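Top line first, the protein sequences correspond to chains A and B. Each residue of the first sequence is one higher than the one before, counting from 58 in the working numbering. Each residue of the second sequence is one higher than the one before, counting from 58 in the working numbering.
Number of protein chains: 2
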Amino acid sequence: MKHGRPNRRQLLQMGAAVGGSLLAGQKALALETDPRKLGQPLGPYGERSSFEKAVRWTRESKTPETGSSFTPLHDSVGILTPSSLHYERHHSGIPTIDPAKHRLVVHGLVDRPLSLSMAEIRRLPSLTRILVLECGGNSGGEWGATTGTDVQRSYGLVSGSEWTGVPLSLLLAEAGVQPRASWVIAEGADACRMMRSIPLAKAMENSLLAYGQNGEAMRPAQGYPLRLINPGWEGNTNVKWLHSLKLTDQPYMARDETSKYSDLMPDGKARIFTYAMEAKSVITFPSGGQTLPTRGLYELTGLAWSGRGRIERVEVTTNGGRTWVKAELQEPRLPIALTRFRLAWRFDGQDTIIASRAIDETGYVQPTRAALIAVRGTNSNYHYNGIKFWNVRADGRVTNVEG
Amino acid sequence: MKHGRPNRRQLLQMGAAVGGSLLAGQKALALETDPRKLGQPLGPYGERSSFEKAVRWTRESKTPETGSSFTPLHDSVGILTPSSLHYERHHSGIPTIDPAKHRLVVHGLVDRPLSLSMAEIRRLPSLTRILVLECGGNSGGEWGATTGTDVQRSYGLVSGSEWTGVPLSLLLAEAGVQPRASWVIAEGADACRMMRSIPLAKAMENSLLAYGQNGEAMRPAQGYPLRLINPGWEGNTNVKWLHSLKLTDQPYMARDETSKYSDLMPDGKARIFTYAMEAKSVITFPSGGQTLPTRGLYELTGLAWSGRGRIERVEVTTNGGRTWVKAELQEPRLPIALTRFRLAWRFDGQDTIIASRAIDETGYVQPTRAALIAVRGTNSNYHYNGIKFWNVRADGRVTNVEG
């Protein structure tokens, strides 16, 4: 079997383009001649190389318990984000929760209220999904006149993880949801008791009570020991440190669904409960703040995702939008997951503008910033998904394109 | 879309089986009442909860630079292994390599010898694959009369990762492989210069020069900054800290393909170059050393994999082999990757024997230990893939079944 190898065209491009640069390396044919000494021993829980420096970025703050940290997308490879680099958005810090004492309560309009320990939850039928998680406010700065200067700071509130947990529908069936119930109010055990109202239909469709992330227990910053995962919905609805699910016949109208995480329209009205994250993409290399050291062939790459399903196609322009070509998509393309796209691209030392646009399986096409603003205005902070352009300058420096 | 939800049958089993135990939880309905204090702040590179204790297991050794550490499979969820818990097998410790100084040399029977820096390698067309990696010696103790007592110590030399890198075929095309070449000798930069001979056909088919693991740079213990990945082949051939690829017309007959990693047959002859890892599976919960706290419904779960492609089916017995039922397989089932299987199972307090057997897409069925020994004898240390039985005792303790 031959999985996902570059196609013939790519190979030929490669040969024609970088053959010279590779041959130039012949001088350095001598193998490493360091003295042979024993390396580090086996260990219980490994760490990354001390040469690796990628970290989440956080704005200077006197209240680092509330705020966001941004995933270093410019350093990303593949479709997963290391748990240590998963973006954060906390409203009152990361609580320290002993899983042996934690309980999830299911109450309100149910026939049989439940209180479950983590051990009880982990006995239940589970499933695993690789999913994208994106803050509703990701790339919100792009609404403004001056758009983000690098991909981490402007697009870093998105990450991909493998989540494992129990389908919420299963617990709700156990609790016996009463006919009058139409909402599930999810509340976290953080100091601010962050809460969101989830329509019952979503909860029954594919919400997950997750306890596992990337093969181990979920990290504290992502909701340890239990998090509500609503596939494809804005990050804020994926309530962390989940300790209560209350069935009601109306939404709670919590702070984070009225004053925040609502979309102020040009006419001054606010749309609320705009949960789904629309199709979006961004080039991660080359991207703002990076420098191409030489002319020649590079692998242009980035990430695309949609809260509504699979990414069907990603198109890339390397000439400021005059023409768009299909990028190669990493298979398997999973629904509501990060999808890596790649394109062999030759930098010929000319100033140029590059960008990507995603098309998802519903046929939705990621809009230009102008098209988005024509509908939404610029009052909003949330759900920005316009096409992101980068300027590759003649000297190889990559910068933002002013909005 | 509804992805991978438990089926109707499972839900009904669940309702019938644990309804009582869930209802008993009503007493504890009161929500957490801890004083509300701010939690931990945002951070640059996250860590797991201090309540999580899973670690790799290592045999006591005066030379911890050479040996193995075992992944805690009993704590695993999903199909990925955290990089920090990926199994290790080192022959002279983990070298500390500065990626800015590291080079890969491609030489021998090639028209254009190459020497590439990591920066040059990262410019080349790449791909990403989720793959299983298993030591050829994994579960080797099971050849003996007394089989392993827990799943970590007996089966923990297997892990799953997302790898990103450059197809080796692409580099070989650049180097111009001469017609006489039929082998690639891969050598690592560790003190012992671990090397293995790879048939050219494999190198051209799907070998990968990997630099990324689970979304970031590969960990030092797994070969930082560059590792040869041979999908489906015994771990030892996936040469870590890769610094040299030499094209030859014969294998090197290295220590690790003659005295080690060869299969001694009953007649005293040794099979060498038995690269592919055959289909295999093991139940990770309940497994040896664990205890079921009560009777009632549990999710029995485990992992299956095959070096030859996708897992097609996993069958589970909970009555010592009298009957076998199909387990549910986590989708997507990726070729040559860990595949999670699950089965809702009621423990009724009777002593019983449980086991799993994997069938891969080639139709190969994981054999019993007896069937394996009938062909291979018991002289071997490598490539053991017999069915693993666990004994669930009446008091809930899970133990090994003596071989």
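Virtual Cβ for every residue (Gly too), placed ideally from N, Cα, C. Since the structure is predicted, the reported quantities are computational estimates derived from the model, not experimental observations.
Between residue i and residue j, is the Cβ-Cβ spacing less than 8 Å?
i	j	result
V449 of chain B	I416 of chain B	no
A246 of chain B	W298 of chain B	yes
I286 of chain A	L257 of chain A	no
L413 of chain B	G359 of chain B	In the sequence on display, residue 413 of chain B carries Ser and not Leu. Their beta carbons are under 8 Å apart, which means S413 of chain B touches G359 of chain B by this criterion.
W10 of chain B	D320 of chain B	The structure shown does not extend to residue 10 of chain B, since chain B is modelled only from 58 through 460, so no value can be given for it.
R397 of chain B	Q407 of chain B	no
G453 of chain A	R403 of chain A	no
A248 of chain B	L95 of chain A	yes
L429 of chain B	G124 of chain A	no
G103 of chain B	R116 of chain A	no
V373 of chain A	W381 of chain A	yes
G272 of chain B	S133 of chain A	yes
E219 of chain B	G135 of chain A	yes
E385 of chain A	M334 of chain A	no
I154 of chain A	A278 of chain A	no
Count the other C-beta atoms from every protein chain shown that fall within 10 angstroms of the C-beta of residue i, then say buried if there are 16 or more, exposed otherwise.
i	result
R379 of chain B	exposed
P343 of chain A	buried
A238 of chain A	buried
A427 of chain B	exposed
L395 of chain B	buried
T138 of chain B	buried
V162 of chain A	buried
N457 of chain B	buried
E459 of chain A	exposed
G82 of chain B	Here G82 of chain B scores only 44 on pLDDT, less than 50, and its place in the model should not be relied on; the value that follows carries that caveat. Buried, since its Cβ has 16 or more Cβ neighbours within 10 Å.
S301 of chain B	buried
G222 of chain B	buried
L79 of chain B	Only weak support exists for where L79 of chain B lies, its pLDDT of 48 falling under 50; the coordinates are left without a value.
S140 of chain B	buried
V455 of chain B	buried
Out of the options, state which residue places its alpha-carbon closest to the alpha-carbon of residue i.
i	options	result
V461 of chain A	A:A428, A:S319 and A:I444	Absent from the model: residue 461 of chain A. The displayed extent of chain A is 58 to 460, so no value can be given.
L214 of chain A	A:G100, A:H143, A:L386 and A:K326	A:H143
F446 of chain B	B:Q423, B:T435, B:R284 and B:G269	B:Q423
S437 of chain A	A:L357, A:R370 and A:G197	A:G197
Y332 of chain B	B:C192, B:E219 and B:W402	B:C192
E369 of chain A	A:P389, A:Y355, A:Y439 and A:T375	A:P389
N376 of chain B	B:G420, B:W114, B:G280 and B:T409	B:T409
E262 of chain B	B:G269, B:E244, B:G289 and B:A274	B:G289
L166 of chain B	B:Y309, B:K303 and B:Y441	B:K303
F127 of chain B	B:N271, B:H148, B:N195 and B:W220	B:N195
M175 of chain A	A:R365, A:K158 and A:T185	A:K158
E177 of chain A	B:T204, B:R367 and B:E356	B:E356
R284 of chain B	B:A230, B:R253 and B:T351	B:R253
K259 of chain B	B:I242, B:R250, B:E231 and B:Y268	B:I242
R250 of chain B	B:V371, B:A451, B:D313 and B:K110	B:D313
Y441 of chain A	A:T204, A:S172 and A:K326	A:T204
A401 of chain A	A:E418, A:K383 and A:P392	A:K383
I393 of chain B	B:T425, B:E109 and B:R186	B:R186
A202 of chain B	B:Y439, B:P121 and B:T435	B:T435
Residue i versus chain B: which residues are under 8 Å apart at the beta carbon?
i	result
N271 of chain A	G135, L137, P139 and N271
S126 of chain A	L99, G100 and P101
Starting from the beta carbon of residue i, find every residue of chain A whose beta carbon is closer than 9 Å, and list them in chain order.
i	result
T341 of chain B	Under the 9 Å cutoff, chain A gives no residues; its nearest Cβ is about 12 Å from T341 of chain B.
R113 of chain B	L99, G100, P101, Y102 and G103
H147 of chain B	G96, Q97, P98 and L99
Who does residue i pair with in a DSSP beta bridge?
i	result
D408 of chain A	Looking at the DSSP assignment, D408 of chain A forms no beta bridge with any residue, so it has no partner.
K158 of chain B	Note: K158 of chain B sits in no beta bridge, so no partner.
N448 of chain A	A:I410 and A:T456
Y355 of chain B	B:W402
S301 of chain A	A:V162 and A:E244
D417 of chain B	B:I368
D320 of chain B	B:R328
Mind listing the chain B neighbours of residue i? Cutoff is C-beta to C-beta under 9 Å, in chain order.
i	result
L266 of chain A	What L266 of chain A touches in chain B: nothing, since even the nearest Cβ is about 13 Å away.
Y281 of chain A	R105, S106, F108 and E109
Show which residues of chain A have a CB atom less than 8 Å away from the CB atom of residue i.
i	result
T221 of chain B	V134 and G135
R312 of chain B	In chain order: nothing, as chain A lies at least about 15 Å away.
Cβ closer than 7 Å: which chain B residues qualify as neighbours of residue i?
i	result
E3 of chain A	There is no way to answer for residue 3 of chain A, as the model of chain A reaches only from 58 to 460.
I151 of chain A	G96 and Q97
Y212 of chain A	In chain order: nothing, as chain B lies at least about 16 Å away.
I want to verify the contact list: residues of chain A whose CB lies under 7 Å from the CB of residue i, in sequence order.
i	result
E356 of chain B	R180, L181, P182 and S183
D247 of chain B	G96
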